[in-house]
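Please read the structure below before turning to the comments.
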Amino acid sequence: MVKSTSEKAFDVGNIIFMILLSAMFIFPLLMIICVSLSSSEAISKYGYSLIIRGFTFKWYQYIFVDESVSILRAMLNSVFMTVTATVIMVINVSLYSYAVTRPELQMRKFFNLLLVIPMLFAGGTIPYYLIIKNLGLLNSQWAIILPSGVNAWFIMLAKNFFKSLPESLVESAKLEGATNIQVLYKIVVPLAFPIIATIILYTAVAVWNDWFQASLFLDSAHKHLWPVQAVLNELNTSLNNTGRDPTVSAQGVYSAAIVMATLPIVIVYPFLQRFFIGGALVGGVKE
Amino acid sequence: MKRRTIKPILVMLLLCLMMIFVGSCSTAHVEIDRDGSGTATVTIAKGEGISENTIRDEMRELFESVGIASDGDEHRLTMESLTESEEYYTVVISFKRIQYIKGIGSFGYQDSTVFLEDNNATQSLKNWSEGNYGSFQSYTGNIYKFEKSDALAFDPVHVESGNKILVNPTEAQRQAGASGFLDRDGLLSQHKRGKAFTFFLADLDGLQSITFSFKGNVIAYGGQNVEMVDESTITVRPVAVNANIKGLDENGNPVISDETVNCFIGCVYFQLEFSPVLMWTLIIGGAALVIFIILGIVKGWFKKFVHSKKTKNFFRNYDLYVMMIPTIVLLVLFMYMPMSGVIMAFKNYRIEDGMFGSEWASYGGFKNFYDLFTNPAVDFWRLTGNTFMLALLRFIFGFVCAVFLALLFSYLKPGRFKKWVQTISYFPYFISWLTISGIAYLFLGSDGILNDLVGMFGGEAIQWYTEPRYWRTILTFTYIWKTVGYSTIVYLAAITAINPALYEAARIDGAGRMGQLWHITIPGLLPVIGVQIIFSLGNLVKDDIDQIYTMTQGGATALRDTTEVLGMVIYKQRGNVSAYSSTTAMGLLQGLVALVLVSVSNKIVKKFGVEGAY
């Protein structure tokens with residue numbers, strides 16, 4: 001196939017555009033890393049750039065050592081919350097989706113409706129806050145973990161996938177005396193691994209990136225329970241505040257905290273790629 | 001009549017009170033219902049200058065100022081009727097919960113358990129029984145300060161099977177083990193379903209007596225000139241108390257004087273009677289259940305049920321139902337229970353009454369919604385406008401950019417370069433808005449990169465974080481930056497799914513790239529585009545405060561003109577209990593519109609033949 005000149009020109013232009021686009025996505029992230037490693041004198045003198053001037057670990061030292069921020073503790077909290085919520089989510093999603101797709105289940109319409117209603121309507125922030133309060137979950141990490149461990153959308157996704165599996169698989173296993181739980185975890189879940197992996201990915205990212213619930217339910221008297229995004233949130237709101245310790249650059253500290261909070265995502269990102277593409281297709285309706 | 005007043009209107013109000021309560025002999029009979037609301041019947045002896053119209057006018061103004069004093073609820077007192085007999089005018093006033101009426105006195109109406117835990121309440125009652133009434137602010141703004149006096153002290157009286165026993169033990173008795181009226185393990189704590197009612201009305205000259213009747217039997221009472229009439233009624237007569245009064249004269253100058261004023265003061269503790277409605281419901285329901293069970297056994301209904309196929313099936317597959325329990329529990333706790341909380345939007349939420357126990361709002365419960373639309377301080381329309389505008393910009397540009405980028409991606413040769421570009425462009429989707437906010441600050445801060453650029457072209461540095469007009473663009477741009485790569489996945493998949501033979505045929509027909517784009521790719525994309533648009537319709541009223549709050553560094557007030565959205569106000573007011581009802585109303589409206597949009601769009605999608613989301 002021969003390309004015309006204009007087509008060639010377009011292809012070249014397209015490649016150049018793509019390079020620029022990639023730069024647009026990458027440079028801001030690199031710049032944050034540079035700022036987090038630059039001294040405040042260098043920044044005020046030369047401005048933000050991709051070159052590290054006045055190299056320093058001061059801001060990292062600050063967020064790891066300073067008691068009011070302690071990023072390490074926050075990261076451990078985040079890991080705990082993310083892992084727990086994800087495990088609960090996988091258990092809930094697989095159990096419910098399996099049960100609701102079994103033909104011998106009665107009142108299937110009712111159990112489906114139970115899922116649909118929360119997708120259409122939510123009570124709103126204040127009633128939600130009061131219910132959490134009445135449940136005695138205020139200032140507990142479970143106020144974030146437990147609600148993050150259930151999601152009607154994900155159950156719908158998994159349910160549709162489970163439904164597409166051949167019924168004969170389940171039937172024959174049952175004839176050999178397998179219980180429902182055995183069928184689920186030995187046959188259905190391994191087959192549905194792509195969808196389960198997608199759900200794991202979304203849940204983990206959502207919990208890791210959540211500051212909203214954390215700021216609602218964990219007040220500043222319980223900073224030792226804060227996840228890393230809640231720490232970021234506090235730093236973010238005080239970015240423009242003057243009157244802090246003048247030797248500490250708010251920008252440098254915030255950048256270092258951002259790098260630490262985003263690092264885990266950067267590390268796992270290459271491994272998860274193949275799942276989120278499938279996830280975007282089935283979950284495309286959600287956004 | 002010597003009296004200081006604040007403003008002319010208050011002079012009138014006082015005149016009104018004087019006429020009702022001073023110019024004539026009057027009595028009041030107050031009936032208090034289970035929740036503290038009730039009716040007051042005021043009987044006013046006819047006299048000079050008292051007519052139906054004057055009473056009506058003055059009542060209206062009294063109600064208004066009491067309303068203002070009581071959290072601005074103008075319907076706290078309502079005049080039900082005004083009748084005239086030979087000697088009297090009789091005014092029937094209905095009131096909402098008496099404990100929230102302010103301006104004509106202070107009232108307390110609490111569950112016994114709550115009352116005993118409430119240090120403020122028990123302390124003021126202790127003070128009263130020692131003759132120390134403290135101070136009191138009337139609706140006129142006058143502050144009455146009462147001196148402590150032993151003559152004003154009273155001992156509470158305990159009523160036991162008709163006998164009245166003084167219960168305030170002396171120090172000696174206390175040491176011997178007698179428990180006091182207000183002790184946590186004392187008399188009141190033995191009556192769990194009791195209610196404690198306290199009242200303190202000052203400066204109502206002319207009112208000769210007030211009768212309170214309760215829904216239940218009085219167990220204990222105390223006060224000045226308080227008498228028990230029957231087992232559920234007490235009568236109070238005024239006591240003259242020396243007071244130091246601080247007020248303002250007509251010119252607004254402070255005036256202080258000492259006077260004797262009439263006060264009604266006391267407390268009642270009574271056992272709330274069992275609600276007759278609830279009692280009859282239980283009796284009838286219980287009887288029906290018993291009859292049903294007996295008939296069922298006799299006629300063999302249950303046998304049929306137990307041996308039915310469905311029941312057997314249920315027990316054979318019980319594990320399926322058990323498997324659903326964890327999810328159902330979490331859904332009920334965190335989704336359905338908050339839904340029931342929208343009832344708050346129709347109430348005046350108070351922390352002490354709780355979500356379901358709070359009073360219904362005025363206007364048949366719609367007061368909070370009415371306020372949203374009419375109260376300029378809420379600025380509901382600006383918030384809605386911002387919410388809608390930002391969502392619309394996100395919707396349009398997010399979608400156009402994603403389709404455009406997907407098309408460009410599709411022209412890249414498959415290979416390492418394409419894969420890298422895609423991988424990089426998806427990445428921002430997975431980082432948090434707080435991270436992006438930090439990145440944006442590098443550009444938008446006062447010494448940020450954008451200002452460097454502006455300076456390079458000789459412009460004046462712009463204070464981005466205080467200029468609301470740029471923020472629609474900033475928010476839209478950052479949203480696209482975060483999501484555009486990821487959003488291309490759906491469209492790319494649709495482009496890949498187009499049959500390659502179509503392109504082949506087009507090429508043979510001599511169609512160039514543009515021709516193929518117009519005649520094959522875009523028509524092939526249209527169904528996906530349509531579905532995506534319709535599915536995002538519901539988002540048009542949603543506000544992504546995850547983005548907006550963080551990007552504006554915690555909802556900066558300087559930027560509120562363009563960035564303050566409904567969700568932000570709700571979030572920021574989360575600590576303000578008195579705003580809970582109105583913010584819940586706000587959220588409910590938003591949720592309902594989203595519900596309508598989602599349902600409609602889902603219907604449309606189904607019409608197109610695509611399987612809907614539900």
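Residue numbers (my numbering), protein chains in the order written: chain A, 1 to 287; chain S, 1 to 614.
Idealized CB from N, CA, C, for every residue including glycine.
Note that the structure is predicted; figures quoted are calculated from it, not measured.
Residue-level contact check: G222 (chain S) does not touch chain A, since none of the beta carbons of chain A fall below 8 Å from its beta carbon.
CA-to-CA, the gap between V114 (chain S) and S249 (chain A) works out to about 50 Å. For V600 (chain S), the uninterrupted alpha helix (DSSP H) segment begins and ends at 580-607. Within the DSSP secondary-structure output, Q110 (chain S) pairs in a beta bridge with S:A196. Residue pairing for T211 (chain S): DSSP places it in a beta bridge opposite S:H29, S:T235. For E467 (chain S), there is no enclosing beta strand (DSSP E), as DSSP marks it with neither H nor E. Along the length of the segment 260-333 of chain S, whole alpha helix (DSSP H) runs at least 4 residues long occupy 276-299, 301-306, 309-316, 318-331, reported in chain order. For G300 (chain S), none of the residues of chain A pass the 7 Å Cβ criterion, the least Cβ distance being about 23 Å.
In terms of Cβ geometry, F274 (chain S) and N217 (chain S) do not form a close pair [threshold 8 Å]. With fewer than three CB-CB distances shorter than 8 Å, the segment 527-535 of chain S does not count as touching the segment 574-590 of chain S. Across the segment 342-372 of chain S, CB contacts with chain A closer than 8 Å involve V342, M344, M355, in sequence order along the chain. Neighbourhood of G149 (chain A) in chain S, by CB distance below 7 Å: L330, in chain order. Using a 10 angstroms sphere on the CB of I199 (chain A), the tally of other CB atoms reaches 16 or more, which defines it as buried. Proximity to P254 (chain S) across S:K419, S:I245, S:T260, S:G38 peaks at S:I245, based on C-alpha coordinates. Within chain S, no residue has its beta carbon less than 9 Å from that of D66 (chain A); the closest one is some 18 Å off. Judged by DSSP secondary structure, K159 (chain A) falls within the alpha helix (DSSP H) whose first and last residues are 152-164. A direct Cα-to-Cα measurement between Q251 (chain A) and M514 (chain S) gives close to 48 Å. Spanning the alpha carbons of K347 (chain S) and F356 (chain S) requires a straight line of approximately 9 Å. For G587 (chain S), a Cβ of chain A is located within less than 8 Å of the residue's own Cβ. Across the set S:L282, S:M279, S:Y100, S:M59, the C-alpha of S:Y100 shows the shortest separation from the C-alpha of A69 (chain S). Cβ atoms of G38 (chain S) and E48 (chain S) stay farther apart than 8 Å, at about 32 Å.
Boundaries of the alpha helix (DSSP H) around Q229 (chain A): 228-237. DSSP, reduced to helix, strand and coil, places T179 (chain A) outside both helices and strands of the structure shown, so it counts as coil. Under the three-state reduction of DSSP output, P523 (chain S) falls in the helix class.
Taking A152 (chain A) as the centre and dropping the five residues before and after it, the same chain places the C-beta of L115, V116, P118, M119 closer than 8 Å to its C-beta, in chain order. With respect to the 8 Å criterion, T387 (chain S) and V541 (chain S) are classified as neighbours on the basis of their beta carbons. N92 (chain A) reaches chain S at P326, T327, L330, counting residues in chain order whose Cβ is nearer than 8 Å. Annotation for Y349 (chain S): S358, Y580, S581 place their beta carbon closer than 6 Å to its own, counting only its chain and skipping 5 residues before and after. Checking the DSSP bridge columns, you'll see L95 (chain A) has no partner listed. What T125 (chain A) touches in chain S, judged by beta-carbon distance under 8 Å, is G567, I570, Y571, R574, T583, G587, going in chain order. Residue pairing by DSSP leaves N451 (chain S) without any beta bridge partner. Within the same chain, G485 come within 8 Å of I424 (chain S) by CB-CB distance, once the 5 residues on both sides are set aside.
Under the 8 Å Cβ criterion, the segment 403-417 of chain S does not count as touching the segment 553-571 of chain S, having fewer than three qualifying pairs. Contact between L105 (chain A) and N317 (chain S) holds: their C-beta atoms lie close to 7 Å from each other, under 8 Å.
According to the DSSP assignment, N14 (chain A) belongs to no beta strand (DSSP E) but to the alpha helix (DSSP H) extending over 5-37. Identification of chain S residues near Q251 (chain A) by a Cβ-Cβ cut-off of 9 Å yields G438, Y441, L442, G445, ordered along the chain.
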